[in-house]
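Some notes on the structure that comes next.
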Amino acid sequence: MHNSLPIFELKQVSQKFGQFRALANVNLKIYPGERVGLVGSSGAGKSTLIRLLNGTLLPTQGEVWCLGRNLSKLSPHRLRQVQRRIGTVYQQFNLVNNLRVIHNVNAGHLGRWSFVKAAVSLVFPLEVETAAKALTQVGIPEKLYAPTDKLSGGQQQRVALARVLVQNPEVILADEPISNLDPQLSREMMDLLRDISDIGSKTLIISLHALEFARNYCDRLVGLRQGKIVFDIPTADLSPKMIEALYRTETPESTVSPSLIKHIEKYSSSRWGERLSSSVNGNRK
Numbered sequence: 001m002h003n004s005l006p007i008f009e010l011k012q013v014s015q016k017f018g019q020f021r022a023l024a025n026v027n028l029k030i031y032p033g034e035r036v037g038l039v040g041s042s043g044a045g046k047s048t049l050i051r052l053l054n055g056t057l058l059p060t061q062g063e064v065w066c067l068g069r070n071l072s073k074l075s076p077h078r079l080r081q082v083q084r085r086i087g088t089v090y091q092q093f094n095l096v097n098n099l100r101v102i103h104n105v106n107a108g109h110l111g112r113w114s115f116v117k118a119a120v121s122l123v124f125p126l127e128v129e130t131a132a133k134a135l136t137q138v139g140i141p142e143k144l145y146a147p148t149d150k151l152s153g154g155q156q157q158r159v160a161l162a163r164v165l166v167q168n169p170e171v172i173l174a175d176e177p178i179s180n181l182d183p184q185l186s187r188e189m190m191d192l193l194r195d196i197s198d199i200g201s202k203t204l205i206i207s208l209h210a211l212e213f214a215r216n217y218c219d220r221l222v223g224l225r226q227g228k229i230v231f232d233i234p235t236a237d238l239s240p241k242m243i244e245a246l247y248r249t250e251t252p253e254s255t256v257s258p259s260l261i262k263h264i265e266k267y268s269s270s271r272w273g274e275r276l277s278s279s280v281n282g283n284r285k
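Numbering (the working numbering), first residue to last: 1 to 285.
Structure follows, in structure tokens:
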């Protein structure tokens, strides 16, 4: 029983890309302060669900409510206001590689800064102390002025997390944040996400392919298979039978090709990177 209103509520949500149905009739409520793991095999609909939650996708059918608002009914300006309260760590990091780390971290301010302020900061970095503090929290303070493309994958993931810290959102969404990391770095990243959400009492929603990490770091698990929720339970209630049903071999008809998954990820990518890139290009003209 929850005494608060849900921070997210999905009502009969379906999402299609052409003839491919990524999600089908999803109903889901997520409450403030929860730590929720979205689990399932590749192509199950986890990344699509993350992008529906942060408003970079709007549903083909149904309603996505966030912070008491129906995202499909909002003007672009109102939608951006809601998105400022949601931080997302993407599997592909969504960093601008030809910029220094401080500029990528400062991208967390884009929802609050004017275009002029953002453009000026690309030449004369602003709020340096804030960026340095965020990088200290994720364990790489010495990389403040390092070229982003010279960092390792694990370091780039930490920069992406520092960007979210600067944004200071109420909700953190993490889309397969450890898929490109080795086991040790994966544990370190999951520790960081857990600690950050605990310190700020933030809602944390993580999509994970690795079930063992979801079981160790999440209090609630939502299992997705072929775009449908097959279980939504406290982590302690997960059974071997549920795991078998979630990961059993897909039929040929339900298999999602890697090229289609890449198309979906490209189609629904975050918009902040486009804004930052346009700022860079504008300053070079």
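Note that CB positions come from ideal geometry on N, CA and C, so glycine has one too.
**OP:** List the residues that DSSP assigns as beta-bridge partners of Glu-63.
**Re:** Counted from its first residue, the sequence shown places residue 63 at position 63. Lys-11, per the DSSP bridge assignment.
Subject >> Thr-148, enclosing beta strand (DSSP E) - first and last residue >> reply: Numbered from 1 along the sequence shown, position 148 holds the residue referred to as residue 148. That residue, Thr-148, is in no beta strand (DSSP E); it is neither H nor E in DSSP.
Original post:
Ile-196 to Arg-187, Cα distance in whole Å?
Top reply: Counted from its first residue, the sequence shown places residue 196 at position 196. Counted from its first residue, the sequence shown places residue 187 at position 187. Near 14 Å, if we compare the C-alpha coordinates of Arg-187 and Ile-196.
Original post:
Glu-63 and Asn-70 look like a contact to me (Cβ under 8 Å); what is the Cβ gap, rounded to whole Å?
Top reply: Locating residue 63 in the sequence shown gives position 63, counting from the first residue. Locating residue 70 in the sequence shown gives position 70, counting from the first residue. Between Asn-70 and Glu-63 the Cβ distance is about 5 Å, and since that is below 8 Å, they are a contact.
Subject >> Backbone secondary structure at Ser-121 - three-state DSSP >> reply: Taking the first residue of the sequence shown as 1, we reach residue 121 at position 121. Note: Ser-121 maps to helix in three-state DSSP.
Subject >> CB contact flag (Val-138, Leu-181, <9 Å) >> reply: Working through the sequence shown from its first residue, we reach residue 138 at position 138. Working through the sequence shown from its first residue, we reach residue 181 at position 181. Cβ atoms of Val-138 and Leu-181: not closer than 9 Å.
**OP:** Can you give me the start and stop residues for the alpha helix (DSSP H) that Leu-135 sits inside?
**Re:** The residue labelled residue 135 in the question sits at position 135 within the sequence shown. Note, Leu-135: alpha helix (DSSP H), 128–137.
Original post:
Of the residues Lys-228, Ile-229, Arg-215, Arg-248, which one's Cα is nearest the Cα of Asp-237?
Top reply: Taking the first residue of the sequence shown as 1, we reach residue 237 at position 237. Comparing Cα positions, the closest option is Arg-215.
**OP:** List the DSSP bridge partners of Gly-55.
**Re:** Locating residue 55 in the sequence shown gives position 55, where the first residue counts as 1. Per DSSP, none; premise fails for Gly-55.
**OP:** Measure the beta-carbon distance from Phe-93 to Ala-160 and round it to whole angstroms, keeping in mind my assumption that it falls under 8 Å.
**Re:** Taking the sequence shown and counting its residues from 1, the one referred to as residue 93 is at position 93. Taking the sequence shown and counting its residues from 1, the one referred to as residue 160 is at position 160. At roughly 5 Å, the Cβ-Cβ gap stays under 8 Å, so Phe-93 and Ala-160 are in contact.
Original post:
According to DSSP, which residues form a beta bridge with Ile-229?
Top reply: One-based indexing of the sequence shown puts residue 229 at position 229. Note: Ile-229 sits in a beta bridge opposite Leu-224.
Subject >> Check whether Val-171 and Thr-130 have beta carbons under 9 Å apart >> reply: Here the question's residue 171 lines up with position 171 in the sequence shown. Here the question's residue 130 lines up with position 130 in the sequence shown. No; because the gap between Cβ atoms is not below 9 Å, this pair is not in contact.
**OP:** In angstroms with no decimal places, state the Cα-to-Cα distance between Arg-220 and Pro-76.
**Re:** Here residue 220 is taken as the residue at index 220 of the sequence shown, counted from 1. Here residue 76 is taken as the residue at index 76 of the sequence shown, counted from 1. Cα-Cα distance, rounded: 32 Å.
**OP:** Find the nearest neighbour of Lys-16 within the set Leu-57, Ile-199, Phe-8, judged by alpha-carbon distance.
**Re:** Here residue 16 refers to the residue found at position 16 when the sequence shown is read from its first residue. Ranking the options by Cα distance to Lys-16, first place goes to Leu-57.
Original post:
Between Phe-124 and Lys-29, what straight-line distance do the alpha-carbon atoms span, to the nearest angstrom?
Top reply: As a first step, residue 124 must be located in the sequence shown, where it is residue number 124. As a first step, residue 29 must be located in the sequence shown, where it is residue number 29. Rounded to whole angstroms, Phe-124 to Lys-29 spans 43 Å at the Cα level.
Original post:
Whose C-beta lies closer than 7 Å to the C-beta of Asn-104 among residues of the same chain, with five residues either side of it excluded?
Top reply: Taking the sequence shown and counting its residues from 1, one reaches residue 104 at position 104. Closer than 7 Å at the Cβ level, and outside the excluded window around Asn-104, lie Leu-95, Val-96, Thr-148, Val-159, Arg-163.
Subject >> Lys-186, enclosing alpha helix (DSSP H) - first and last residue >> reply: By 1-based counting over the sequence shown, the position of residue 186 is 186. Lys is not the amino acid found at residue 186; the sequence shown has Ser there. Per DSSP, Ser-186 belongs to the alpha helix (DSSP H) from 183–199.
Original post:
So, helix, strand or coil for Gly-154, using DSSP?
Top reply: Stepping through the sequence shown from its first residue, residue 154 is reached at position 154. Gly-154 falls in the helix class under three-state DSSP.
Subject >> Collapsed DSSP secondary structure at Lys-241 in the structure displayed >> reply: One-based indexing of the sequence shown puts residue 241 at position 241. Correct three-state label for Lys-241: helix.
Original post:
Which of the three DSSP states, helix, strand or coil, is assigned to Gly-18?
Top reply: To locate residue 18, count along the sequence shown from 1; it is residue 18. In the structure shown, Gly-18 sits in coil (DSSP, three-state: anything other than H, G, I, E or B).
**OP:** With DSSP as the reference, label Asn-216 as helix, strand or coil.
**Re:** Residue 216 sits at position 216 when you count from the first residue of the sequence shown. Asn-216 falls in the helix class under three-state DSSP.
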